[in-house]
Structures are given as C-alpha cells and as structure tokens.
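Worksheet for the structure shown next.
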Amino acid sequence: MPISTNGNDIGSTLAFAKSSGRLFLAGLLITLFAACGESGPGDKRLEEIRESGRLHVLTRNSPTTFYINRDDQPEGLEYDLTQAFAEHLGVEVEYERVHSVAEIIERIENGEGDIGAAGISRTEERLDRIRTGPGYQTVEQQVVCRRGGAEPQGVDDLEEVSLLVMEGTSYHDRLQALQADYPDLEFETTNELNTEQLLRFVWERRVDCTVADSNLVAITRRYYPELEIRFNLGAPDTLVWVMPRGANRLRREIGNWYGDFEDSGAMERILDRYYGFYEVFDYVDIRRLHRRVRERLPRYETHFRQAAAAHDFDWILLAAVGYEESHWNPSARSPTGGYY
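Following full-length UniProt numbering from start to finish, the sequence shown increments by one per residue and tops out at 340.
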C-alpha cells in the first residue's frame, strides 16, 4: 500500500532527523573526548603556564626528590626533571614543598598546582582523582627491618611484627588490599612521620619494620647500614608526575617532551647521577667508612679544607678522593711502593 505524506510531515521528519543527528554527534564527540582524554574548552592550564611564565610544582623534601644541598642550592631527581621540562616550555619553576604525597594528590585534585613531582607511584586509586604523566622510574615496595631484629620472610610473617607506614601512601594502599587475603595482617599508620623518618625509627629499634620504595632504601642504607631488606611487597610500581584531571593539553605536552628527553639519553644520565653509585651495598665497607669518618677524618679535616680553599675546590670531594686512595691512612702505600 502506498504511503501518503504531506509537506508538513516531511518538514517535521527532516527537522527531527537533523536534531537527532546533532544530539547523536554531540554525544559521540563527548564520548570520544572522554575516552581519548582530549581537551575541552576549559583546559587552559598549559596556556596559562606559558602566559604567566611560571610552572607551579608541588614536591617533597626528600633525598629521592628535592632537597637543598650544602651549597644552599636545590638538587634532586625531581628538581632536574622539572627544570628540564620548564626549559622546554620557556618558563621558570615555582617549587612548593609539602609534607606528604597524600597532600600533593589532594591539592592537585583541587587544582592547586600544575604538577606534582615527588616520586609518586601510579595506582588505581589515584587514577580516579588525577591525571598522570609517563612513567620515568620503576621501584619496588620493600619491607625493611633492622639487622638482628625481626626477620619476616613473607606477608604471612608480618602478622608477628610491629609494622608502621605513612598514611595515604602507596604502601598503605597495598597493605589494605592485602588484608583481603590476609585477614590477620595488622599494621599502624602515621601522618606525622614521613617514610625517611620511619626508616630511622626502624634503625633505632622503635618499631620492627616499615615499607619504603627501593630507591629511598638504597640511599638511606648508606646512613643506616643496619637496615635490611626482608622482601618485596607485591609487583613493582611506576613513578609518575601528577596533574589535575582537566589538564589534558599539559599532559600531552609532558608526554611528547618526555619521549624526546628519554630518547636523548638525558633520563638515563639523571638516574645514573643520583643512583649509579648505590647499586652495590657492602655492609662491612659502609661500617668501616662510618667509623673512619668519626675517628680519622677530624685529624685531617683542616688540611683538606686549606688545600681545597687554595685551589677553589670542594673540600668534601677532596676528602672523598683521599679516602678512596688511602682510607685516610698516612702510612698507606700504592701497589708500586709509593706513598699516596
């Protein structure tokens, strides 16, 4: 049977089709933007950074991130990385040091900073709150106890030790997740002490064990050689920068820059600078160094300082070379019989 239509019906049908098409297209674009992380009209953070000439970085004071050296100059892996990115953008960096990663995540989530750069692990819990940049370092979560103290060999054994970790960290998240399979697992948290301080607590025997990232453990054991790694807690973590969820243009800019930065070998050089000499740990050698710093170095410190000042040199570096050559022993001989 033929279908009869009039002009009004056709116009209404076409109008509805156009309207439905626009709605479908708009919905499709919104979905694609969300799926691909494309920027919306409100994503002006990268533009604002360039216009202001300032990159606001939230970080922590830590030997693995950012610190002020003995010459009163900033240093650290995150400092070097953020400086390189800022140079790429042609802007200056404003650093703000905060107490914890949890505080950085909260403030970045609230848009109170451009980048959080503080040795932050990428976790599922955090991905719901912020954006992350590319991974630049892989670390292990390590259970650390004191030599001669508790010796847990696995998660089962943690039920028998006093375990203290910093609240809001990736260690806290992982231990909470493990409680589903290990209901007897108990641990305490603190928001007053950072992980570096907790490692010292373990060394002082004030708590049996804690959990820390392997890069921090490698550095801290040089100062507290009695700290021992018992086992790795789960799979490795990837360290990333974090930024507000809407900062997709900034995220892409970081990704593009970092790809070239890594390909150039610059990232490898930074890692080697800060961690290259921590790869080998010898408890006996470290203890010997600590003892000689206490007992021998004071005898020769004035001489090292005077010689360094005469040649505009760093006296600590000069003392380190002296230790490498002779262990600060004035009677030491070279293999050929000469004095050092």
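Even for Gly, the Cβ is constructed at its ideal location relative to N, Cα and C.
Source: prediction; values computed, not measured.
Can you list, in chain order, the residues of its chain whose CB lies under 8 Å from that of residue 46, leaving out five sequence neighbours each side?
247, 249, 250 and 253
Suppose the cutoff is 6 Å on Cβ atoms and the five residues either side in sequence are ignored; what does the same chain contact list for residue 133 look like?
240, 241 and 254
Measuring alpha carbon to alpha carbon, tell me which of 299, 298, 297 and 318 ends up nearest residue 307.
318
If I follow the unbroken alpha helix (DSSP H) through residue 270, where does it start and stop?
266–275
Check the DSSP bridge columns for residue 227 and list the partner residues they point to.
Paired residue(s): 146.
Measuring straight from C-alpha to C-alpha, what distance separates residue 167 and residue 96?
21 Å
Beta-carbon proximity check, residue 122 vs residue 238, cutoff 7 Å:
yes
Please give me, in chain order, every unbroken run of the beta strand (DSSP E) with length at least 3 that falls completely inside the region 183–242.
Within the region 183–242, the complete beta strand (DSSP E) runs of at least 3 residues are 188–190, 209–213 and 227–232.
Does the beta-carbon distance from residue 244 to residue 108 come in below 7 Å?
yes
Please work out which residues of its chain come closer than 8 Å, Cβ to Cβ, to residue 152, disregarding the five sequence neighbours upstream and downstream, and give them in chain order.
143, 145, 158, 160, 161, 209, 230 and 231
Alpha-carbon to alpha-carbon, residue 185 and residue 73:
43 Å
Would you call the CB atoms of residue 55 and residue 86 closer than 7 Å?
yes
Could you check whether the region 103–118 touches the region 52–67, counting it as contact only if at least three pairs of C-beta atoms, one from each stretch, sit closer than 8 Å?
yes
Using beta-carbon positions only, say whether residue 220 and residue 199 come within less than 7 Å of one another.
yes
Residue 115 and residue 138 look like a contact to me (Cβ under 8 Å); what is the Cβ gap, rounded to whole Å?
At roughly 20 Å, the Cβ-Cβ gap does not stay under 8 Å, so residue 115 and residue 138 are not in contact.
Compute the beta-carbon to beta-carbon distance between residue 140 and residue 236, rounded to the nearest angstrom, for a pair I have assumed lies under 8 Å.
Between residue 236 and residue 140 the Cβ distance is about 5 Å, and since that is below 8 Å, they are a contact.
Report the rounded CA-to-CA distance for residue 310 versus residue 49, giving the unit in angstroms.
Annotation: residue 310 to residue 49 spans about 45 Å, alpha carbon to alpha carbon.
Can you tell me which of the three DSSP states residue 66 falls into?
strand
With residue 171 as the anchor, note down where its alpha helix (DSSP H) starts and where it stops.
170–178
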